[in-house]
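K.L.:
If you scroll down you'll find the structure; I have some questions about it.
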Amino acid sequence: MYWNSIITALESLTANKLRSALTILGIVIGVGAVIAMLAIGSGAQNTITGSIEGIGTNLLFVVSGGSEDVRNPKPLTLDDAEALTDSFQAPSVLGVAPTLQGNAEVSAQGEIHITQLNGVTTEYEFVRNATLYEGEFINEAHLLGRSAVVLLGWDVAEELFGRTDGVTGQRVRIEGQPFTVIGVLAQKGGTGFTNEDDRVLVPLTTAQARLLRRSTPNRVDMILVQAVSADDVAAATEEVSAILRARHRTAIGEDDFTVFNQQDFVDTAQQITGVFTIFLGGIAAISLLVGGIGIMNIMLVSVIERTREIGLRKALGARKSDILVQFLAESSLLSLTGGILGIVLGWLIATIVGIIAANANADINPVIGLDAVLLATLFSTAVGLFFGLYPANRAASLEPVEALRYE
Amino acid sequence: MSDYVVDARDLTKVYQMGDVEVHALRGLSIKIKRGEVMSIMGPSGSGKSTLMNTLGCLDRPTSGDYLLDGESVAELDDDQLADIRNRKVGFIFQTFNLLPRATAMANVELPMRYAGVTEGRSQRAQAALETVGLGDRVHHRPNELSGGQQQRVAIARALINNPAIVMADEPTGNLDTKSGDEIMKLLLGLNEEQGVTLIIVTHDPEIAARTNRIVTIRDGRVED
Ligand SMILES: Nc1ncnc2c1ncn2[C@@H]1O[C@H](COP(=O)(O)OP(=O)(O)O)[C@@H](O)[C@H]1O
Ligand SMILES: [Mg+2]
Numbered sequence: 109m110y111w112n113s114i115i116t117a118l119e120s121l122t123a124n125k126l127r128s129a130l131t132i133l134g135i136v137i138g139v140g141a142v143i144a145m146l147a148i149g150s151g152a153q154n155t156i157t158g159s160i161e162g163i164g165t166n167l168l169f170v171v172s173g174g175s176e177d178v179r180n181p182k183p184l185t186l187d188d189a190e191a192l193t194d195s196f197q198a199p200s201v202l203g204v205a206p207t208l209q210g211n212a213e214v215s216a217q218g219e220i221h222i223t224q225l226n227g228v229t230t231e232y233e234f235v236r237n238a239t240l241y242e243g244e245f246i247n248e249a250h251l252l253g254r255s256a257v258v259l260l261g262w263d264v265a266e267e268l269f270g271r272t273d274g275v276t277g278q279r280v281r282i283e284g285q286p287f288t289v290i291g292v293l294a295q296k297g298g299t300g301f302t303n304e305d306d307r308v309l310v311p312l313t314t315a316q317a318r319l320l321r322r323s324t325p326n327r328v329d330m331i332l333v334q335a336v337s338a339d340d341v342a343a344a345t346e347e348v349s350a351i352l353r354a355r356h357r358t359a360i361g362e363d364d365f366t367v368f369n370q371q372d373f374v375d376t377a378q379q380i381t382g383v384f385t386i387f388l389g390g391i392a393a394i395s396l397l398v399g400g401i402g403i404m405n406i407m408l409v410s411v412i413e414r415t416r417e418i419g420l421r422k423a424l425g426a427r428k429s430d431i432l433v434q435f436l437a438e439s440s441l442l443s444l445t446g447g448i449l450g451i452v453l454g455w456l457i458a459t460i461v462g463i464i465a466a467n468a469n470a471d472i473n474p475v476i477g478l479d480a481v482l483l484a485t486l487f488s489t490a491v492g493l494f495f496g497l498y499p500a501n502r503a504a505s506l507e508p509v510e511a512l513r514y515e
Numbered sequence: 454m455s456d457y458v459v460d461a462r463d464l465t466k467v468y469q470m471g472d473v474e475v476h477a478l479r480g481l482s483i484k485i486k487r488g489e490v491m492s493i494m495g496p497s498g499s500g501k502s503t504l505m506n507t508l509g510c511l512d513r514p515t516s517g518d519y520l521l522d523g524e525s526v527a528e529l530d531d532d533q534l535a536d537i538r539n540r541k542v543g544f545i546f547q548t549f550n551l552l553p554r555a556t557a558m559a560n561v562e563l564p565m566r567y568a569g570v571t572e573g574r575s576q577r578a579q580a581a582l583e584t585v586g587l588g589d590r591v592h593h594r595p596n597e598l599s600g601g602q603q604q605r606v607a608i609a610r611a612l613i614n615n616p617a618i619v620m621a622d623e624p625t626g627n628l629d630t631k632s633g634d635e636i637m638k639l640l641l642g643l644n645e646e647q648g649v650t651l652i653i654v655t656h657d658p659e660i661a662a663r664t665n666r667i668v669t670i671r672d673g674r675v676e677d
């Protein structure tokens, strides 16, 4: 009987091809938009998560300032960083790298480039796993002597010199002061989130003295802490907090510093992109709803047009359920066809957006999950059933004599 | 089983038109024997169609008792009435009422679909169309057939589930004299050859004269 209904539904849908096609189009656009938005959203999520995870799973980031209640937090200093290296009080800590961060104008050969400037110590190389394309890393002598030396990020070298080979030994100016290039950082590749290739590294002491002056001497902006392993992140967080609490005398009140780990960033980023994805998907779902209303509209028209046909079918022995199933089969066939075409459309849109994003150097790989496909198929069929139910019920409830008399 | 295919007593039918009550049937009783051909005559608006719809279980009487093929239909629900129409009644309408997009074959198959017949539908439909002389038109659609041919398809459709009774409400009303005549010959022949019980509503005294019994209806009652 259900097979019959599907055949009957197909017959009547193909009899009105243009009308069926336009109705389906509404669903195609709705489902296509939902699929594309979810795919792009989860693609962006993966990219951001991936770029955060690329930082390393056993890193902690210590910054000054706690919750909003804490007034006048003490700044983090080089002495704080030094204290964290105590292997008795902090056995889970493997390395500590204090940094200063800011922006600076770097110029060479008439080219000017604004970039991120980091003042770092020798530990930075080890803690951040920094690899060099050429040259060598900042050493103790540079730090002691506050040397005017700089390591260029890949993009900065490209920008200033148009090449990355043989840049070592060249002269650049940072904020107008002459510096010697001692190396080029290896290319990390665009991650879309933060560009690790667009920055320069100078000795921390040099930055303190000449480029990023802070009100408190010895002050640092962030202390990077490497835990012994990913499993020791929690223990390291505890040890770092205990040491800093003791040093800042905040044992009773709130902490005036904050320790993040990579997982915290991943969680926050996923929360933000999750909301973003739901938001986009929600807007797209509205168009699916509009498509559903289109189905309802067409089905209502079709019920009225076919009043006599319904009366006849009833006269010939069709039960209420036969008519109901016939019209529901029609509306769900419309929406299912629309759903399948919509998945294809959504996939196309997502792929095109992925290609455009790749060309714009933001790597978003749209992901169409099986769950999204199933969801869209189910949802569109449900839309068809839901919006078909009222018209179908109206058809099924017609009195046969009245329906046959309808002109 | 009772001799009577139709045994209806004191049927009344009242239509409510706003504040006005229209009495279409006013205590009408009628009996039809198996194998009988009966014609119903009467002026327009006398209640002939209402009677046919009630006897065919398309509509319920306001009051009265009705046994169709020995079965009381007064208490049946909508689905049970649908089954009765499907198995026991064959309708032939003045306006043919074929599905416009379906072929003659598909139209004739329709009652079998609702009866749940799955096997041999097309063979049976083919045979029925041959009986009404349309063996060579099975794949034609209604708009490719003449009025007389369309009514033949409707007759084949009415007969396909071997109903206890066939009800024809002015079957020749939309046809010219010649094809009307052919349709009547066909119906009467089916009665003679296959013993089909028939009720025909007609305005034509010549057609009525060819049936076993003429019942005249006036103002919702049988006229003596
Ligand atoms: N659905 C209806 N609503 C109201 N009145 C109706 C309806 N159907 C029929 N009638 C009335 O009932 C009476 C009998 O109608 P009908 O059975 O169609 O007569 P006939 O077929 O003999 O011309 C008429 O007065 C008609 O106006
Ligand atoms: Mg009439």
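Read top to bottom, the protein sequences are chains A and B. If you number the first sequence the way our numbering does, the last residue is 515 and the count never jumps. If you number the second sequence the way our numbering does, the last residue is 677 and the count never jumps. Virtual Cβ for every residue (Gly too), placed ideally from N, Cα, C.
(1) Quick one: any contact between the region 523 to 535 of chain B and the region 642 to 655 of chain B, if contact means 3 or more CB pairs under 8 Å?
(2) What number of angstroms, rounded off, separates the C-alpha of A/Gly300 from the C-alpha of A/Trp262?
(3) First and last residue of the alpha helix (DSSP H) that includes B/Leu552?
(4) Kindly indicate the opening and closing residues of the alpha helix (DSSP H) around A/Val139.
(5) Taking 6 Å as the limit between beta carbons, can you name the residues of its chain near B/Ile485, skipping five residues before and five after?
(6) Which residues share a DSSP beta bridge with A/Gln334?
(7) Any C-beta of chain A sitting closer than 7 Å to the C-beta of B/Tyr468?
(8) Looking at the unbroken alpha helix (DSSP H) that takes in B/Thr630, where does it start and where does it end?
(9) Considering only C-alpha positions, which residue in the set B/Gly573, B/Ala617, B/Val585, B/Gly626 is nearest to B/Val606?
(10) What do you get for A/Gly389, buried or exposed, if any count of 16 or more other CB atoms within 10 angstroms of its CB means buried?
(11) In chain order, what residues of the same chain have a beta carbon less than 7 Å from the beta carbon of B/Cys510, not counting five sequence neighbours either side?
(12) Beta carbon of B/Gly588, beta carbon of B/Ser632: below 7 Å?
(13) Output yes or no for whether 7 Å exceeds the beta carbon distance between A/Asn326 and A/Leu186.
(14) Following the continuous alpha helix (DSSP H) through B/Asp706, name the residue where it begins and the one where it ends.
(15) Under 7 Å between C-beta atoms, does B/Arg666 make it to chain A?
(16) For A/Phe365, which beta-bridge partners are listed by DSSP?
(17) With B/Lys466 as the anchor, note down where its beta strand (DSSP E) starts and where it stops.
(18) Please find out if some non-hydrogen atom of ligand 2 comes closer than 6 Å to the beta-carbon of B/Ser502.
(19) Determine the DSSP secondary structure at A/Asp339, reduced to helix, strand or coil.
(20) Which value, in whole angstroms, describes the spacing of the CA atoms of A/Gly400 and A/Gly492?
(21) So which residues on chain B does A/Pro499 lean against when the C-beta distance must stay under 9 Å?
(22) Pick from A/His356, A/Val328, A/Phe368, A/Gly243: whose alpha carbon is nearest that of A/Asn180?
(23) For chain B, find out if any of its Cβ atoms is closer than 7 Å to the Cβ of A/Gly300; answer yes or no.
(24) Between the Cα of A/Ser488 and the Cα atoms of A/Thr459, A/Leu133, A/Ile472, A/Asp363, which residue gives the shortest distance?
(25) Exposed or buried, A/Ile517, counting other C-beta atoms within 10 Å across all chains shown (16 or more means buried)?
(26) In whole angstroms, give me the CA-to-CA distance for A/Leu252 and A/Glu266.
(27) Output yes if chain A places a C-beta closer than 7 Å to the C-beta of B/Asn550; else output no.
(28) Let me check understanding here. Comparing Cα to Cα, which of B/Val570, B/Val561, B/Ser599, B/Ile653 lies closest to B/Glu583?
(29) Do B/Ala477 and ligand 1 come close, with the Cβ less than 6 Å from some heavy atom?
(30) Please say whether A/Leu168 and A/Asn303 have beta carbons closer to each other than 7 Å?
(31) In this structure, how does DSSP classify A/Gly300 when only helix, strand and coil are distinguished?
(32) Ignore the nearest five residues each way along the sequence and tell me which others in A/Val257's own chain have a CB closer than 8 Å to its CB.
(33) So is A/Asp188 buried or exposed if we call it buried at 16+ other beta carbons inside 10 Å?
(34) At the level of alpha carbons, what is the spacing between B/Asp672 and B/Leu504?
(35) Would you say B/Tyr468 touches ligand 1, meaning its beta carbon is less than 6 Å from a heavy atom?
(36) Would you call the CB atoms of B/Leu501 and B/Val668 closer than 7 Å?
P.N.:
In this structure, then:
(1) Counting Cβ pairs under 8 Å, fewer than three are found: no touch.
(2) Low confidence applies here, because A/Gly300 scores a pLDDT of 48, under 50, leaving its location unreliable; read the following figure in that light. Each residue's Cα considered, the two are about 16 Å apart.
(3) No alpha helix (DSSP H) holds B/Leu552; DSSP gives it neither H nor E.
(4) 125 to 161
(5) Val458, Val459, Met491
(6) A/Leu167, A/Gly203
(7) Not closer than 7 Å to any Cβ of chain A, the Cβ of B/Tyr468 fails to qualify, so no.
(8) 630 to 647
(9) B/Val585
(10) Label assigned to A/Gly389: buried.
(11) Leu521, Val526, Leu534, Ile537, Arg538, Val542
(12) no
(13) yes
(14) Absent from the structure is residue 706 of chain B, since the part of chain B shown begins at 454 and ends at 677.
(15) no
(16) A/Ser172
(17) 457 to 470
(18) yes
(19) helix
(20) 6 Å
(21) What A/Pro499 touches in chain B: nothing, since even the nearest Cβ is about 19 Å away.
(22) Nearest C-alpha to A/Asn180 among A/His356, A/Val328, A/Phe368, A/Gly243: A/His356.
(23) Interpretation of A/Gly300 is limited by its pLDDT of 48, a score under 50 that renders its predicted location unreliable; no figure is taken from the coordinates.
(24) If we check each option's Cα against that of A/Ser488, A/Leu133 comes out closest.
(25) Chain A is shown from 109 up to 515; residue 517 of chain A falls before or after that span and cannot be answered.
(26) 30 Å
(27) yes
(28) B/Val561
(29) yes
(30) no
(31) Residue placement at A/Gly300 is poorly supported in this model, since its pLDDT is 48, which falls under 50; the coordinates are not used for a value here.
(32) Ile246, His250, Phe287, Thr288, Val289, Ile290, Val310, Pro311, Thr314
(33) When all chains shown are included, A/Asp188 counts as buried.
(34) 12 Å
(35) yes
(36) Before going on, a small fix: residue 501 of chain B reads as Lys here, not Leu. Cβ distance not < 7 Å, so B/Lys501 and B/Val668 don't count as in contact.
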